[in-house]
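Just below is one structure, and these are the notes that go with it.
Number of protein chains: 2
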Amino acid sequence: MQSSSSYPEAVEQLIAGFRRLPGVGARTAERLALAVLRWTPEELHDFGLLLATLPERVGECRVCGNLAEDDLCPVCRDPARDQSIICVVENADQVPVIERSGGHRGLYHVLGGRIVPLDGIGPEDLRIGELRARLDSGEVRELVLATGSDIEGEATATYLARELRRPGLAITRIATGIPVGADLAFADSATLATALNSRRPVG
Amino acid sequence: MQSSSSYPEAVEQLIAGFRRLPGVGARTAERLALAVLRWTPEELHDFGLLLATLPERVGECRVCGNLAEDDLCPVCRDPARDQSIICVVENADQVPVIERSGGHRGLYHVLGGRIVPLDGIGPEDLRIGELRARLDSGEVRELVLATGSDIEGEATATYLARELRRPGLAITRIATGIPVGADLAFADSATLATALNSRRPVG
């Protein structure tokens, strides 16, 4: 068994670059590198330039911390969004997921993480001061806490609910329960217990 | 269902770039783009520059047509390789696969495709003239035809065996048969028929 020493150095570097991506093993990285080698010089130039200039082009939205190319992210720049509801998420990755769901028409606030005391991450490390400042502006009527449904996510939500409580502001938490379309037989016990505890009257 | 309009333009372009890769769908492209956004500016710059300069850095080996950063590919540059055996493959992708198998210590010749009359690809479109020139040098004792085991690959091998035949040159074809470690129950009929026809005496 030999290593793939038959590749030129530039191709080895290309493979190594792809291997740094999540879920990409040695063989996939090789396949991606060989595919990229078939791109036209223009495609390679454009994509390469895009990567090289990403740090200058993409930063954080000044208001909500979401990914932004300018001062403001596309959501904060959109006047059609409901300015009275802010959905609080841990990371910018979660914004597009919620956007796709179509379940939120308000604004976002990206914390930049979650409170994990064991890792030395406290409230002061998250963008909570910025969130408080937005609430101070008085326009916001509801804060939807969409941090994770695991222990740290719950702890972060509990902390925020306690610290940000104020008259005229509803603080809500996204529901935990059985995924839509899922068979009960495949639900884990923790989810099922939560779903049973959070049962609602029907009919 | 909304599109992910919450991404800045540069991130959308990044996602579109990754989507052009084989086996990468919309969600995977998004995941890869978000992962890349966490790279350091140095990593992004280096990888971006590598992509942009690929066309200048990676070309074809002057002798065998394999991927090469200089005039010669790593295999042709290696004096330890057996100069008397040339393995003929369709594309440069196949060289590392054979290298990893450890079954070939000679040189390569990359045809740059296969003969497919229906697509208008004839022998003159492949690097056959270059192969003939290498045989004319007189050092080569064996030509191992490792084109694909499908109809076009077989036809290409048959063509080469007929056209390149000369005294003192053995022309061989890699074996077709049951994959090592495979259960007969999962072998397709064509492979099984070939394996039976190509049976060899044992003991």
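These protein sequences, in sequence, are chains P and A.
As numbered in our numbering, residues 1 to 203 make up the first sequence, in order.
As numbered in our numbering, residues 1 to 203 make up the second sequence, in order.
Each residue gets a CB set at the ideal place from its N, CA and C atoms; glycine is no exception.
A quick note: this is a predicted structure, and the numbers were derived from the prediction, not measured.
Contact set for residue i: own chain, Cβ-Cβ below 6 Å, skip 5 residues either direction
i: Ser4 (chain P); result: Interpretation of Ser4 (chain P) is limited by its pLDDT of 43, a score under 50 that renders its predicted location unreliable; the figure taken from the coordinates is listed afterwards. No residues qualify anywhere along the chain.
i: Ala29 (chain P); result: Ile15, Phe18, Arg19
i: Thr156 (chain A); result: Arg114, Ile115, Thr147
i: Leu184 (chain A); result: none
Beta-ladder partner(s) of residue i, from DSSP
i: Cys87 (chain P); result: P:Tyr108, P:Val144
i: Asp82 (chain A); result: A:Gly106
i: Val116 (chain P); result: P:Ile121
Chain-ordered neighbours of residue i on chain A, where CB pairs are closer than 7 Å
i: Ala31 (chain P); result: Looking at the sequence provided, one finds Arg at residue 31 (chain P) rather than Ala. Under the 7 Å cutoff, chain A gives Pro22.
i: Asp93 (chain P); result: Leu34
Residues of its chain near residue i, where Cβ-Cβ distance is below 8 Å and the 5 sequence neighbours each way are ignored
i: Val140 (chain P); result: Gln83, Ser84, Ile85, Ile86, Arg134, Leu169
i: Arg81 (chain P); result: Val75, Arg105, Gly106, Leu107
i: Gly153 (chain P); result: Glu90, Arg114, Thr147
i: Arg166 (chain A); result: Leu135
i: Thr209 (chain A); result: Chain A is shown from 1 up to 203; residue 209 (chain A) falls before or after that span and cannot be answered.
i: Leu44 (chain P); result: Val36
i: Asp46 (chain A); result: none
i: Leu72 (chain P); result: Cys61, Arg62, Val63
i: Ile121 (chain P); result: Gly113, Arg114, Ile115
Proximal chain A residues relative to residue i, where beta-carbon distance stays under 8 Å
i: Arg57 (chain P); result: Pro8, Ala10
i: Leu37 (chain P); result: Leu54, Val58, Leu67
i: Leu169 (chain P); result: The premise fails here: Leu169 (chain P) is roughly 24 Å from chain A at the closest Cβ pair, so nothing lies under 8 Å.
i: Cys64 (chain P); result: Per Cβ cutoff of 8 Å: no residues; Cys64 (chain P) is ~10 Å from chain A at best.
i: Cys73 (chain P); result: Ser6, Pro8
Contacts that residue i makes with chain P (C-beta to C-beta distance below 9 Å)
i: Gln83 (chain A); result: None at all; the shortest Cβ gap to chain P is about 16 Å.
i: Leu44 (chain A); result: Leu51, Ala52, Thr53, Leu54, Pro55
i: Leu14 (chain A); result: Phe47, Leu50, Leu51, Leu54, Val58
Contacts of residue i in chain P (Cβ-Cβ under 8 Å)
i: Pro96 (chain A); result: Ser4, Ser6, Tyr7, Glu30
i: Glu163 (chain A); result: None at all; the shortest Cβ gap to chain P is about 27 Å.
Beta-carbon proximity list for residue i, same chain, < 7 Å, skipping 5 on both sides
i: Ala161 (chain A); result: Leu145, Ile171
i: Ala187 (chain A); result: Ile178
i: Met1 (chain P); result: Residue placement at Met1 (chain P) cannot be trusted, given a pLDDT of 35 that sits under 50; what the coordinates show is reported in the next sentence. There are no such residues.
i: Glu69 (chain P); result: Arg57, Val58
i: Tyr159 (chain A); result: Ile115, Pro123
Cross-chain neighbours of residue i in chain P, by beta carbon under 7 Å
i: Phe47 (chain A); result: Gly17, Leu51
i: Pro41 (chain A); result: Pro55
Proximal residues of chain A, C-beta to C-beta of residue i below 9 Å
i: Glu90 (chain P); result: The contacting residues do not exist; Glu90 (chain P) stays about 13 Å from chain A at best.
Tell me the start and end of each unbroken beta strand (DSSP E) in the region 168 to 202 of chain A that is at least 3 residues and wholly inside, in chain order. Correct list: 170 to 173.
Inside the region 20 to 78 of chain A only - alpha helix (DSSP H) runs reaching at least 4 residues: 26 to 36, 41 to 57, 74 to 77
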